[in-house]
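Asks: I am attaching a structure below and will ask some questions about it afterwards.
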Amino acid sequence: MADKLSLKDAFQHFSTQQNALDANLTSLGTRVPPTGLGQTRILTANQVRKSYPIGGEKRSVLDGVNFYADSGECVFLSGPSGSGKSTLLSIMGCLLESDSGEVTIAEHRVDQMNVQERTKVRRNYIGFVFQRFQLIRGISAEDNVAVPLTLQGHSLADARTRSAELLKRVGLEFHRHHLPSAMSPGQCQRVALARAVITSPNLILADEPTAALDGKSGQEVMELLKELIADTNSATVVVTHDPRIIKYADRICEIENGQFK
1 MADKLSLKDA FQHFSTQQNA LDANLTSLGT RVPPTGLGQT RILTANQVRK SYPIGGEKRS
61 VLDGVNFYAD SGECVFLSGP SGSGKSTLLS IMGCLLESDS GEVTIAEHRV DQMNVQERTK
121 VRRNYIGFVF QRFQLIRGIS AEDNVAVPLT LQGHSLADAR TRSAELLKRV GLEFHRHHLP
181 SAMSPGQCQR VALARAVITS PNLILADEPT AALDGKSGQE VMELLKELIA DTNSATVVVT
241 HDPRIIKYAD RICEIENGQF K
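By the UniProt record's numbering, the letter at position 15 of the sequence shown is numbered 15, and the numbering carries on one by one without gaps.
Quick look at the structure:
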């Protein structure tokens, strides 16, 4: 079994990773009024463009994309590899700088913010779910889930209490003290789901959440994700290639060659 890290070291490691991501940040935004009965527009992207230099030339990845997600809904982004869906997700998550356009998260114009302000938006308003879980290997499931609350300034005791509640919610009550290395991929992704919602985020961004899972585990993870969306009323965007989980989408947006069909 891997040696356990001190929680202080783990939090420092997590913070260092977040600060490293901030070197690439900028996202964009405009205020949009509430839409639909009982719904609020949480995320809006207007005319977002992104290109990368390749061979001395710029290759367009996003070509004036418009997108939105409302509270309580689960929107899928689908499309072939290289279509721009993961790039768009990264821009909406304040992890990547766009070339132009606007993105609003919970009525905050994040394109007008500095690095520290964008970090606060990411920590306070966004929960992330990754294909490969991105759990800290040297600490327990309970402490992995507790990390985001601690980064917000909550006490470790309070964060652990809330973490334990969420782990029970996702069926891992008796795995609280297990290291990620002692858990199955499906269990690790459940831990990641609990971590994503512990701050009650306005927005959940999931990048291929079932790609590393077998069919049964993938279905279970998506069932839990939908339940957690209902619990938190978060707007959720899922990037996926997985046809097995399409039934869990409230809306599907197909992107190809940097534009929505």
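Where is the CB? At the ideal position from N, CA and C, for every residue including glycine.
(1) Assuming contact is defined by CB atoms lying nearer than 8 angstroms, are residue 127 and residue 49 in contact in what I supplied?
(2) Can you tell me whether residue 66 is buried or exposed? The criterion is at least 16 other CB atoms within 10 Å of its CB, across all chains shown.
(3) Going by Cα to Cα distance, which pick from 182, 157, 199 is closest to residue 232?
(4) Exposed or buried, what is residue 85 when buried is set at 16 or more other beta-carbons lying within 10 Å of its beta-carbon?
(5) Who are the near neighbours of residue 251 in its chain, counting only those whose CB is closer than 6 angstroms to its CB and skipping five residues on each side?
(6) Between which residues of its own chain and residue 259 is the CB-CB distance below 6 angstroms, once the five residues before and five after are set aside?
(7) Beta-carbon within less than 7 angstroms of residue 135's beta-carbon, same chain only, minus the 5 sequence neighbours each way: which residues are those?
(8) If we call anything under 8 angstroms between Cβ atoms a contact, is residue 230 one with residue 202?
(9) List the DSSP bridge partners of residue 70.
(10) What does residue 168 pair with, by DSSP beta-bridge criteria?
(11) Measure from the alpha carbon of residue 159 to the alpha carbon of each residue in 174, 142, 169, then state which is nearest.
(12) What does residue 259 pair with, by DSSP beta-bridge criteria?
(13) Can you tell me which of the three DSSP states residue 136 falls into?
(14) If I measure Cβ to Cβ from residue 245 and keep anything under 7 angstroms in the same chain, skipping five residues before and after, which residues do I get?
(15) At 3 residues or longer, and completely inside the segment 184-222: list those beta strand (DSSP E) runs for me, N to C.
(16) Would you mind working out which of 57, 69, 52 sits nearest residue 46, comparing C-alpha positions?
(17) Would residue 239 and residue 208 qualify as a contact pair, given that the criterion is a beta-carbon distance under 8 angstroms?
(18) CB-CB under 8 angstroms to residue 59, same chain, minus the five flanking residues each way: which ones, in chain order?
(19) Determine, using beta carbons only, whether residue 256 and residue 79 come nearer to each other than 8 angstroms.
(20) Mind checking who residue 78 pairs with in its DSSP beta bridge?
(21) So residue 183 and residue 177 are in contact, right, with Cβ under 8 angstroms, and what is the actual spacing, rounded?
(22) Could you compute how far the alpha carbon of residue 22 sits from the alpha carbon of residue 215?
(23) What does a CB cutoff of less than 7 angstroms around residue 226 pick up in its chain, not counting 5 residues either side in sequence?
Replies: From the atom records:
(1) Not closer than 8 angstroms, so no.
(2) The residue is exposed, with fewer than 16 neighbouring Cβ atoms inside 10 Å.
(3) Among 182, 157, 199, the Cα nearest to that of residue 232 is on 199.
(4) Buried.
(5) For residue 251, where only same-chain residues beyond five positions count, the Cβ hits under 6 angstroms are 75.
(6) Answer for residue 259: 63, listed in chain order.
(7) Excluding positions up to five away in sequence, the list reads 144, 180, 188, 191, 192.
(8) Taking the C-beta atoms as reference points, residue 202 is found no nearer than 8 angstroms to residue 230.
(9) Beta bridge pairing from DSSP links residue 70 with 41.
(10) Residue pairing by DSSP leaves residue 168 without any beta bridge partner.
(11) Looking at 174, 142, 169, the one whose alpha-carbon comes closest to that of residue 159 is 142.
(12) Residue 259 is bridged by DSSP to 256.
(13) Three-state DSSP puts residue 136 in coil, outside helix and strand.
(14) 210, 218, 222.
(15) DSSP runs (the beta strand (DSSP E)) wholly in the segment 184-222: 203-207.
(16) For the residues 57, 69, 52, the minimum Cα distance to residue 46 belongs to 69.
(17) Cβ distance < 8 angstroms, so residue 239 and residue 208 count as in contact.
(18) The answer, listed in chain order, is 51, 52, 53.
(19) Yes, the Cβ-Cβ distance between residue 256 and residue 79 is below 8 angstroms.
(20) 254, per the DSSP bridge assignment.
(21) Between residue 183 and residue 177 a beta carbon distance of about 11 angstroms is seen, past the 8 angstroms cut, so the two are scored as non-contacting.
(22) With a pLDDT of only 40 at residue 22, under 50, the local geometry of the prediction cannot be trusted, and the value read off the model is given with reservation. Answer to the nearest angstrom: the Cα atoms are 35 angstroms apart.
(23) Result list for residue 226: 74, 248, in chain order.
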